[in-house]
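Report on the structure given below.
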Amino acid sequence: MTTRSTSRPAARSGSRPTSDDGRAAGVDRAAGVASESALVTPLLSWFAAEARSLPWRASGTSPWAVLVSEVMLQQTPVNRVEPAYRAWLDRWPDPASLAGDSAGEAVRMWGKLGYPGRALRLHACAVAITDVHAGVVPSDLDALLALPGVGAYTARAVQAFAYHRRSAVVDTNIRRVLARAVHGSGQAGPPSTTRDLTAMESVLPASDDRAWRFCAAIMELGAVVCAAAKPSCDRCPLAPQCAWRAAGYPTYDGPVARGQRFAGTDRQVRGRLMDVLRAASGPVRQEALDVVWPDVMQRQRAQDSLVADGLVDPLPDGRFALPT
DNA sequence: AACGCGTGGGT
DNA sequence: TACCCAAGCGT
């Protein structure tokens, strides 16, 4: 744990995060500098003691490995990502090695993580990083955002977790924790990148070191303590500061997001088609795809969309394969 | 802004 | 059973 670069005399105990005086965020009138949010120190202490030891958190994890983990974690649970992450990096330890293989191999290796388009984009990332960035994952925000499949969350996650830079990471966990602890609402409202970044920025510590750890810590809290359905407030390090708790845990009264169905959708059909292609060692015939879904029109629509997405290659001989 | 995009475990 | 959910992105 490094120290902050303020002029304030350091009052430290061991390697613990700086012990602040617990006042709410605001402006220190005497010094004229912004004070730190009261959430920070308890959260950093809790994270230092309680963080799960996930493979992408090991010291020495490369920026490329962090990027791989972040893309895999886009909408896929941690426990399913872990083995896939190890296998992927075992095979492609750097962008150049992945770029030297085919996109189809990336899709096959992706297996059943879901949303196979991510595999395609991660492969395209490897190509871009190899060709445009000399094999080095960029740390510049705009350069990261220009990479395929890298959006507002992933770009900042790479800055924070790969390069240990101060960056306002916002994911669904962080949105929920801020909604509760800061705004006293049971759940976050509809996502808005601008609003969400502003909210996170207002509690983000000033130094690179405390900032990136804070991002990791608040995300971890949302994942394991401040859970969406059943928060474990009895073991929450932010309970004393939590606005939601202080307000008596009011129930959410905002608009309810409409959950998306899955059974019977094109997505399900696409999943079955991709399953056939992943399992096959080479190109497959149309008949092998026909059997996955009885509705011919819907099956054809799903197949066409996979071709349009670049996930399936129609061959001149009429067969179909993963992309080259 | 709202929707399409996989998968499998939990309730 | 039929939902809900899990470190988003692209359009």
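Residue numbers (my numbering): 303 to 626.
No residue lacks a Cβ here, since even glycine has one placed at the ideal position from N, Cα and C.
For the 9 Å CB-CB criterion, GLU352 and GLU589 do not form a contact. Collapsing the DSSP output to three states places ASP498 in a helix. Contact between GLN376 and ARG420 holds: their C-beta atoms lie close to 6 Å from each other, under 8 Å. A distance below 6 Å between beta-carbons, with the five flanking residues on each side excluded, links TRP394 to the following residues of its chain, in chain order: LEU400. Within a 10 Å sphere around the beta-carbon of ASP498 sit 16 or more other beta-carbons, which makes this residue buried.
With a beta-carbon spacing of about 7 Å, TYR387 and TRP358 fall inside the 8 Å limit used to define contacts. Rounded to whole angstroms, the separation of the alpha carbons of ASP396 and PRO365 is 9 Å.
Under DSSP, VAL586 shares a beta bridge with PHE622. LEU443 is positioned such that its CB atom lies closer than 9 Å to that of ARG458. The C-beta separation of VAL594 from LEU608 comes to about 12 Å, leaving the pair out of contact by the 8 Å criterion.
Between ALA490 and THR474, the gap from beta carbon to beta carbon is short of 9 Å. Shown here, ALA389 sits in a helix according to DSSP, grouped into three states.
Contact annotation: LEU540 and LEU345 have beta-carbon atoms nearer than 9 Å.
Within its own chain, the residues whose Cβ lies closer than 8 Å to the Cβ of GLY488, once the five positions on either side in sequence are excluded, are ALA481, ARG482, TRP546, TYR551, PRO552, THR553, TYR554, listed in chain order. Counting only runs that start and end inside the segment 531–555, the alpha helix (DSSP H) elements of at least 4 residues fall at 545–548. At a Cβ-Cβ threshold of 9 Å, CYS517 and ALA470 count as neighbours.
Looking at the backbone, the Cα of TRP514 and that of PHE463 are separated by about 7 Å.
Leaving aside the five residues that flank SER534 on each side, the residues in its chain whose CB is nearer than 6 Å to its CB run, in chain order, VAL527. The beta-carbon distance between GLN602 and ASP568, rounded to whole angstroms, is 11 Å. This is too long to meet the 8 Å contact definition.
DSSP links ASP444 through a beta bridge to no other residue.
ARG382 and LYS414 have their C-alpha atoms roughly 9 Å apart. By the Cβ neighbour-count rule, THR500 is exposed, with fewer than 16 other Cβ atoms within 10 Å of its own. Shown here, ALA481 sits in a helix according to DSSP, grouped into three states. Under the DSSP assignment, HIS425 falls in the alpha helix (DSSP H) whose first and last residues are 419–434. LEU369 is the residue among ALA405, LEU369, LEU613, ARG587 whose C-alpha sits nearest the C-alpha of VAL438. For TYR455, the uninterrupted alpha helix (DSSP H) run begins and ends at 454–463, by DSSP.
At a Cβ-Cβ threshold of 9 Å, PRO418 and LEU613 count as neighbours.
Rounded to whole angstroms, the gap between the alpha carbons of LEU446 and VAL373 is 13 Å.
Across the set VAL586, ALA604, PRO596, the C-alpha of VAL586 shows the shortest separation from the C-alpha of ASP619. As the crow flies, the alpha-carbon of THR496 is around 25 Å from that of GLN562. With contacts defined by Cβ atoms closer than 9 Å, ALA398 and ALA428 form a contacting pair.
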